[in-house]
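Only one structure is covered here, and it is reproduced in the block below.
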Amino acid sequence: MPRRTRPPEQTEPPPIASPHSKPPVPDAVSIPPLWFRAGRRLKRILCPPRSLPPVQEKTDPDENSAPFSPVTAPEAEAEAEAGAKPVPFFVRRVLFVAGEPDTPGVLYRCYRNAAAARDAGFDARVQSCAAVSYDDIHWADVMVFWRVEYSGHVSTIFDLAEAENVLTVFDADDIVFVPHYARVDMIDGIRSIGATEERIERCFSEMRRTFLRCDQGSTTTAELLFAMHSLRPVVHLLPNVYDTLSLKRARMALRMRGEPGCVNAGDGLVRIGYATGSRTHQRDFAPICPTIAEVLRQRPEARLVLFREPVTHRPVLLMEEFPSLIPVQGQIEWRDMVPLEELQDEFARFDISIAPLETGNVFCEAKSEIKFFEAALSGAATVASPTGPFQRVIRHGETGFLADSPTDWYDALVALIDNPERRVRMARDAYHSVLWPFGPQAQARRMKLALTSMSGDEAAALAGETRLARDRLAPSALPVIPASRTLFHHDALGEASVTVVITSYNYEAHLLDALESVAAQTLPILDLIVVDDGSSDGSVVLARTWMERHCDRFNRLILRQSMTNAGLGGARNIGMDAAETVHVMQLDADNTLRPEACETLLASMDDGTAYAYPLIACFNENGPVLMDMSADIHHQPGAPELLGDLPFNPLSLVSGNRIDAMAMVTKWAWAAVGGYYVSREAMGWEDFDLWCSLAERGLPGHHVPRILADYRQHETSMTNASTEKEAHKAHVVAFVQARHPWIRLSAERAKPRKS
Numbered sequence: 003m004p005r006r007t008r009p010p011e012q013t014e015p016p017p018i019a020s021p022h023s024k025p026p027v028p029d030a031v032s033i034p035p036l037w038f039r040a041g042r043r044l045k046r047i048l049c050p051p052r053s054l055p056p057v058q059e060k061t062d063p064d065e066n067s068a069p070f071s072p073v074t075a076p077e078a079e080a081e082a083e084a085g086a087k088p089v090p091f092f093v094r095r096v097l098f099v100a101g102e103p104d105t106p107g108v109l110y111r112c113y114r115n116a117a118a119a120r121d122a123g124f125d126a127r128v129q130s131c132a133a134v135s136y137d138d139i140h141w142a143d144v145m146v147f148w149r150v151e152y153s154g155h156v157s158t159i160f161d162l163a164e165a166e167n168v169l170t171v172f173d174a175d176d177i178v179f180v181p182h183y184a185r186v187d188m189i190d191g192i193r194s195i196g197a198t199e200e201r202i203e204r205c206f207s208e209m210r211r212t213f214l215r216c217d218q219g220s221t222t223t224a225e226l227l228f229a230m231h232s233l234r235p236v237v238h239l240l241p242n243v244y245d246t247l248s249l250k251r252a253r254m255a256l257r258m259r260g261e262p263g264c265v266n267a268g269d270g271l272v273r274i275g276y277a278t279g280s281r282t283h284q285r286d287f288a289p290i291c292p293t294i295a296e297v298l299r300q301r302p303e304a305r306l307v308l309f310r311e312p313v314t315h316r317p318v319l320l321m322e323e324f325p326s327l328i329p330v331q332g333q334i335e336w337r338d339m340v341p342l343e344e345l346q347d348e349f350a351r352f353d354i355s356i357a358p359l360e361t362g363n364v365f366c367e368a369k370s371e372i373k374f375f376e377a378a379l380s381g382a383a384t385v386a387s388p389t390g391p392f393q394r395v396i397r398h399g400e401t402g403f404l405a406d407s408p409t410d411w412y413d414a415l416v417a418l419i420d421n422p423e424r425r426v427r428m429a430r431d432a433y434h435s436v437l438w439p440f441g442p443q444a445q446a447r448r449m450k451l452a453l454t455s456m457s458g459d460e461a462a463a464l465a466g467e468t469r470l471a472r473d474r475l476a477p478s479a480l481p482v483i484p485a486s487r488t489l490f491h492h493d494a495l496g497e498a499s500v501t502v503v504i505t506s507y508n509y510e511a512h513l514l515d516a517l518e519s520v521a522a523q524t525l526p527i528l529d530l531i532v533v534d535d536g537s538s539d540g541s542v543v544l545a546r547t548w549m550e551r552h553c554d555r556f557n558r559l560i561l562r563q564s565m566t567n568a569g570l571g572g573a574r575n576i577g578m579d580a581a582e583t584v585h586v587m588q589l590d591a592d593n594t595l596r597p598e599a600c601e602t603l604l605a606s607m608d609d610g611t612a613y614a615y616p617l618i619a620c621f622n623e624n625g626p627v628l629m630d631m632s633a634d635i636h637h638q639p640g641a642p643e644l645l646g647d648l649p650f651n652p653l654s655l656v657s658g659n660r661i662d663a664m665a666m667v668t669k670w671a672w673a674a675v676g677g678y679y680v681s682r683e684a685m686g687w688e689d690f691d692l693w694c695s696l697a698e699r700g701l702p703g704h705h706v707p708r709i710l711a712d713y714r715q716h717e718t719s720m721t722n723a724s725t726e727k728e729a730h731k732a733h734v735v736a737f738v739q740a741r742h743p744w745i746r747l748s749a750e751r752a753k754p755r756k757s
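If you number the sequence shown the way our numbering does, the last residue is 757 and the count never jumps.
Okay, structure coming up:
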């Protein structure tokens, strides 16, 4: 098999804060001794290279032609050496090699990225560097080296990888490949962990040597990407992400405090948490310490939550360096450090999470966004230093606060302590903002592009085209969640797989049918949320009475009412916000689900499916509605009229909506595109707009060709009463086409549905 061409080794990367600074002179790479090189050559002889798969004999399409001669592996290699078309290289298996397997980072950079590779359709394993064997190398097509220091063992791994035609990638989540950064004035952690500059510099030098032996790089932030580009031109941006178990644990811990998204009384204290897990942040915390102390002094209800070693109770922060905390030490809550899998429980205890970093320090500026998205998952509002990564992910004043000066920190903390409604709203919006970009679904898509690009020129071109197109997409707005109040809340603290959201406005006559159809679902554990959009009939009383009688049937039961009539999009967003499951089934109060609807749709979706929709039968007061026999389509006489009868294809949306709102939508996909739009002037096409937004981001839907729901046709339906009125539909069409210029509607005129 022909080898890939390696890029030439390059010099040390410049500091990321100064792209034009002169790089240092690289250390000379010593030549291994003769005995070592002889042993390495012997290993190559004893470990035969991977053979090519057998090539089947091919026959020319013209039956009069002679058959092609089979090509053997040696002949293929000879042709490649002679300049013939090279044998294609395909990535199927990825080995993640952990250089620091006993540190928390291995979870983020190895295990979660391996899971992303598997979700993307590849086979992936994780192995500690010390345990890597020839069998591991022979198995892999790509090896990703995370924080691996160079050594004789590592040199042999690279030699065997090259012989086996394995593509190698160096992965780093800190600037651990620039030796001259190993100084106490730049990395304060060197001092506080008791290391020496010389030891850390050697570590960085060996990691740099590992990087220089690799074909490509991968990393967590744009700052690190820039630094790595000076060593290798191809570097993949794969941020740190959460996994499904962390999300479930975070949300469960928050639910145990009360209903998420609502201000809960609790014990009346406001906890400011600093979730640092190592003694490397003394200089990060020092500038804000006097401000924290002043806030505690002025707000007796405030508490500072810090962590200590479980057995010795020695603080993680070296408290002797922070004398300003002595007068308020009675307001410090000490928590024992916990394993990483329990960290989300601790974040859920915080009302405010702080993430101070030394701005202007190239090492700190490259730190990832972990402290923001993990706090957001557990419902804590964040105040953070304005480093590059935090500036890009935090929408100041909306999803968090960016604070640089002592005044900034004081104002942000006091604003959140004094205004619990704003604090809860900010945490909610932060949660919605991180669900997609830092979730496993987005990471699987990034991983697929990165690994696919390694499979040859055409694959690299297509992956590059997709990546560049995605980068040009404007960031989605946050979902608009109109103000609402909770009228009924029941939570058995179980874990359901699906939430059904019923939106209702003056549907007292039909609401009971919808509720009973949800209770009849075959899924044994189910959540139900009813959103009343300011009804003036008896809908609210009916819904509440029914819920009180059916608590045993459901895991969670919530009745919310919008403070003012918000329209369909606003009501749907209120329901999606209240849902605590990944999958959410949408149901309007005048329609019904068939018993197997939720279970069937759920079973049809994989982890990357954004939504699934079924066939829907139409009915009215006289029974099933039959198809119009004059329609220019072929169907059997007497066939029922169906909605959602086309297979999924985003191009079908160009000419109009083919998917009804009764669909199962994932919460991460809803958040990824900014939720349903909220506009009373253009009310009616919120679902069509959502499908178009998902299509623009390449998020797939799935069609289930089974009748799983029933659509009620009646004169008072929103479609007939509002959407399909001439004047209103003109507003709807203009609004949606402005948001999605690529659609070309085939039916712009109003067309009421039969009743």
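We put the beta carbon where it would ideally sit given N, CA and C, even for glycine. Since we're looking at a predicted model, the values are computed, not measured.
Three-state class that DSSP yields for residue i in the structure shown
i    : result
C205 : helix
D125 : strand
S519 : helix
M230 : helix
N575 : helix
A405 : coil
A619 : strand
H552 : coil
T221 : strand
T278 : coil
V243 : coil
I334 : strand
Check whether residue i and residue j have beta carbons under 8 angstroms apart
i    : j    : result
T583 : A498 : yes
D143 : V180 : no
A461 : S455 : yes
D805 : G703 : In the structure as shown, the chain starts at 3 and stops at 757, and residue 805 therefore has no counterpart that could be examined.
D173 : T212 : no
L453 : A119 : yes
G509 : S541 : Reading the sequence as shown, one finds Tyr at residue 509 and not Gly. Cβ atoms of Y509 and S541: closer than 8 angstroms.
N622 : H716 : yes
S486 : S564 : yes
V532 : L514 : no
S370 : T223 : yes
Span of the beta strand (DSSP E) around residue i
i    : result
M607 : Premise fails: M607 is in no beta strand (DSSP E) and is neither H nor E.
T170 : L169 to A174
M666 : M666 to T668
H155 : Not the beta strand (DSSP E): H155 falls in the alpha helix (DSSP H), residues G154 to A165.
A386 : A383 to A386
I531 : D529 to D534
R253 : That residue, R253, is in no beta strand (DSSP E); its alpha helix (DSSP H) goes T246 to R257.
Cα-Cα separation between residue i and residue j, rounded to whole angstroms
i    : j    : result
H733 : T401 : 32 angstroms
R285 : T602 : 54 angstroms
S280 : D137 : 36 angstroms
S695 : A612 : 11 angstroms
A605 : M145 : 34 angstroms
L240 : A378 : 20 angstroms
D590 : D534 : 11 angstroms
S387 : A277 : 15 angstroms
P484 : W687 : 18 angstroms
W672 : M664 : 14 angstroms
P25  : A740 : Low confidence applies to P25: its pLDDT is 37, below 50, so where it sits in the model is not reliable enough to give any reading.
L265 : F690 : For the record, residue 265 in the displayed sequence is Val; it is not Leu. So the alpha carbons of these two residues sit roughly 34 angstroms apart.
L162 : V99  : 15 angstroms
Q218 : L653 : 36 angstroms
Segment limits, alpha helix (DSSP H) that includes residue i
i    : result
H705 : Counting along the chain, H705 falls outside any alpha helix (DSSP H), though it belongs to the beta strand (DSSP E) covering G703 to R714.
Y507 : No alpha helix (DSSP H) contains Y507, which DSSP labels as neither H nor E.
Q588 : Per DSSP, Q588 belongs to no alpha helix (DSSP H); it is in the beta strand (DSSP E), H585 to D590.
R427 : P422 to L437
Rounded distance between the beta-carbons of residue j and residue i, thought under 8 angstroms
i    : j    : result
A382 : G275 : 7 angstroms
I576 : A711 : Actually they are not in contact, since the Cβ atoms of I576 and A711 sit about 22 angstroms apart, beyond 8 angstroms.
L528 : V500 : 6 angstroms
C205 : W148 : No, C205 and W148 are not in contact; Cβ-Cβ is about 14 angstroms, not under 8 angstroms.
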